[in-house]
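Visitor:
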Amino acid sequence: LNGQIDVVEALLNVRGHMLIQPNTHDTVLHAAISSQQPEIVLLILRAFTHLIQSKNVDGSTPLHWASQCGNLNVVKLLMEYAYEEDLITLIEDASTRFSYRFVADVNALDSKCRTALYLAVANSHFDVVKYLLE
């Protein structure tokens, strides 16, 4: 995608495009995140919001990829996007005094038991680390 927003917009209008790569299960959202362009990520999120919950064959979610790539604006976009209510998971503690709502689970593990936070730390993306800890 290489940051070419006009190309992405044109591709979104083509019928029969591929959302998920059949071998790796990488999605167009994974590819958009790799572009490091928040505008492209936003285009894909608007068109295919449900892909935020996808995992590839390595168990990597879009948040894993964004944290590994280290673009804070992309991470923020994934975490703060106005998702539809049916994509939001609610977790309450046993006392029901505390609840946690999320779409992109910051504690999700990939196939090597790494979280998004781990990947941000391992790749020295300290602004992403700080954001994920807040």
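By UniProt numbering, the letter at position 103 of the sequence shown is numbered 103, and the numbering carries on one by one without gaps.
Every residue, glycine too, gets a C-beta built ideally from N, C-alpha and C.
Assuming L63 contacts A104 under a Cβ cut-off of 8 Å, what Cβ separation, rounded to an integer in Å, is found between them?
Guide: 4 Å
Visitor: Tell me whether F48 sits in a helix, a strand or coil according to DSSP, three-state version.
Guide: coil
Visitor: The alpha helix (DSSP H) with F126 in it runs from where to where?
Guide: 126-133
Visitor: Is the Cβ-Cβ distance between T89 and F102 less than 9 Å?
Guide: yes
Visitor: So, using beta-carbon positions, are S60 and D110 closer together than 9 Å?
Guide: yes
Visitor: Can you list, in chain order, the residues of its chain with a C-beta nearer than 6 Å to that of L45? Leave out the 5 residues immediately preceding and following it.
Guide: Y81
Visitor: When we look at the beta-carbon of L132 and count the other beta-carbons within 10 Å, is it buried (16 or more) or exposed?
Guide: buried
Visitor: So, helix, strand or coil for Y118, using DSSP?
Guide: Here Y118 sits in helix by DSSP.
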